[in-house]
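In our numbering, the protein residues as written are 276 to 323.
Glycine included, each C-beta is placed from N, C-alpha and C at the ideal position.
Remarks on the structure that follows.
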Amino acid sequence: MALIKCSECRTEVFEKAKSCPKCGNCRNISAIRGVAFWIMREYLQLIE
Ligand SMILES: [Zn+2]
C-alpha cells in the first residue's frame, strides 16, 4: 500500500485515506486528484 505525504502537515498517510489522520482537514488525496483532473482537462482541450 502506497504512502503519500500530507501537503499540510507532512505526515505520511495511506494513499487510500480520504483525509490526514493527524490534521484531519487537509484533503491531500483529493487535491492531487484535482490537479490531475485539471491537467487532463487542459490536455483534452489541446487535442480538440
Ligand atoms: Zn495532515
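If you draw a straight line from the alpha carbon of residue i to that of residue j, how long is it in whole angstroms?
i	j	result
residue 327	residue 321	The structure shown has nothing for residue 327, since the chain only spans 276 to 323.
residue 295	residue 318	30 Å
residue 278	residue 284	14 Å
residue 299	residue 313	24 Å
residue 290	residue 315	20 Å
residue 286	residue 292	12 Å
Between the options, which has its C-alpha nearest residue i's C-alpha?
i	options	result
residue 297	316, 314, 281	281
Which one or two residues does DSSP pair with residue i in a beta bridge?
i	result
residue 289	278
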